[in-house]
Amino acid sequence: MNPLAQWWPVALSHELRNTPLACQVHDTPLVLFRANDGRPAALPDRCPHRFAPLSAGKVRDGQIECPYHGWRFAADGRCTRVPGTELGPCSKPLLDSLPSCEAHGLVWVGLSAERPSVPPVAPAEHREKLDTFWITDQVQCSLQDAAENFLDGFHTHFVHAGWIRHDKQRQKISARVRPLADGVEAVYSEEGKQSGLISRLFERERGASMGRFRLPGLAEIEYRDHRDRLNLQVSAWLTPCGDSQLRLFARIATARGWLPAAVKRSVLRQLFRVVLRQDRQILEQVSANQRRFQASLVAPLDGPQDLLGPSIRRLLEQGQPLVFEERQFDIWL
Ligand code: FES
Ligand SMILES: [Fe+2]
410 MNPLAQWWPV ALSHELRNTP LACQVHDTPL VLFRANDGRP AALPDRCPHR FAPLSAGKVR
470 DGQIECPYHG WRFAADGRCT RVPGTELGPC SKPLLDSLPS CEAHGLVWVG LSAERPSVPP
530 VAPAEHREKL DTFWITDQVQ CSLQDAAENF LDGFHTHFVH AGWIRHDKQR QKISARVRPL
590 ADGVEAVYSE EGKQSGLISR LFERERGASM GRFRLPGLAE IEYRDHRDRL NLQVSAWLTP
650 CGDSQLRLFA RIATARGWLP AAVKRSVLRQ LFRVVLRQDR QILEQVSANQ RRFQASLVAP
710 LDGPQDLLGP SIRRLLEQGQ PLVFEERQFD IWL
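Be aware that the sequence shown starts at 410, since it is given in our numbering, and climbs by one per residue.
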């Protein structure tokens, strides 16, 4: 699976309104804007005239206007106006437009001229009605490190001590790890409530939880109660921007219940902000340390509790479905 031939999320749908948005994906700086029909458009963020950033311009009539001399470009990259001249719209694009679409609350782009054949990777569906909100962030780390961090339970006792779990209050649980058509999944069972604050506030008794990674970059966790009702789902789409920067779009979903969505959102948002800041800090320390040891970098040493990390690494390196028999582990989490 060539990462450049996939859909990558680059913005939240509701963030892209009537002004241009700058973004960068896999080292390609882009400008996003909405055409007159409301559909998102993506062009290189560089005016072909004198290379001004188009994202600093304006959207006029569904076209992007350069901030420097006002040249205008349509969604397909054609120049439609050169102010001060009588030039009409040109027939050939001056900019290579990129495939773009909207799905699951996100704006997506593809990085090759062809539209990606596989649709944008979707969050797991539920029968419950959901209350959702978004948190976005940018972290200096690799996709591999962020995805593993997000799905790894064994750092939570230390990085998020007291917020998610305590090292002194571990419980024995069983985990099954199995391959998915486009990723890998761990299902944890027999886990009681976690010892941390988030669980005490927001969970009914826990039945099972899942952590899964799906190509090209969705990390997702899900907690369900004994009656298989959803407690919490966090879907984190991870987009490499370039320069080791990673963009995170996390959708937090809870089953609709008696607690008003706005109340849940304001409390959960604050808790997740803390947890994300803690993760960002350790991930950026890890990246900085990898750079310090760049000359003598060795492969990371996997432990028996690294249930998903090695599979995520192989998926990202090979871009192919993994083939292995479902495995079972007993762990102290
Ligand atoms: S640089 Fe864009 S119009 Fe001149
Ligand atoms: Fe974490």
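We put the beta carbon where it would ideally sit given N, CA and C, even for glycine.
State the start and end residues of the unbroken beta strand (DSSP E) segment that holds residue i.
i, result
"D446", "Run containing D446: none; DSSP gives neither H nor E here."
"A473", "The displayed chain sequence assigns Ile, not Ala, to residue 473. Segment Q472 to E474, the beta strand (DSSP E) holding I473."
"E594", "G592 to S598"
"N427", "Counting along the chain, N427 falls outside any beta strand (DSSP E), and DSSP gives it neither H nor E."
"L552", "Premise fails: L552 lies in the alpha helix (DSSP H), L552 to L560, not in any beta strand (DSSP E)."
"L647", "L639 to G651"
"T489", "C488 to R490"
"V468", "K467 to R469"
Judging by CA-CA distance, which residue of the options is the nearest neighbour of residue i?
i, options, result
"E537", "F702, A512 and D634", "D634"
"S521", "P412, Q547 and P476", "P412"
"P449", "A664, D470 and W517", "W517"
"L677", "L655, F542, W417 and A645", "F542"
"T428", "D485, D637 and V468", "V468"
"W572", "R426, F622 and Q687", "Q687"
"G514", "R660, P525, R636 and P462", "R660"
"G651", "L439, E424, M410 and S422", "L439"
"Q642", "T648, L627 and Q654", "L627"
"F442", "G466, A570 and H458", "G466"
"L425", "W417, A444, V684 and S598", "A444"
"Q364", "W416, A420, W480 and G471", "Nothing can be reported for residue 364: it is not among the residues displayed for the chain, which extend from 410 to 742."
"G519", "W416, H458 and R700", "W416"
"G666", "S551, D540, P625 and P588", "D540"
Need the endpoints of the alpha helix (DSSP H) that residue i sits in, please.
i, result
"G514", "G514 -> no alpha helix (DSSP H), and no H or E assigned at all."
"N698", "A670 to R701"
"R722", "G718 to Q727"
"V568", "T565 to V568"
Among all the DSSP beta bridges, which residues are the ones paired with residue i?
i, result
"A664", "L539"
"R585", "V596 and Q737"
"R633", "A617 and L639"
"L507", "A451"
"F622", "V593 and A628"
"C432", "L439"
"R656", "Q547 and T648"
"R579", "None; R579 has no bridge partner."
Could you give the C-beta distance for residue i and residue j, rounded to a whole number, given that I count them as a contact under 8 Å?
i, j, result
"P502", "R524", "That pair is no contact at about 16 Å."
"Q553", "R722", "6 Å"
"E631", "L639", "7 Å"
"L717", "A590", "Between A590 and L717 the Cβ distance is about 16 Å, and since that is not below 8 Å, they are no contact."
Review point. Looking at C-beta atoms only, is the number of pairs between the segment 683-700 and the segment 553-570 that lie closer than 8 Å three or more?
Key: yes
Check your understanding: Do three or more CB pairs link the segment 614-628 to the segment 434-441 at distances below 8 Å?
Key -> no
Check your understanding: So does the segment 695-714 actually touch the segment 664-677, counting three or more Cβ pairs closer than 8 Å?
Key -> no
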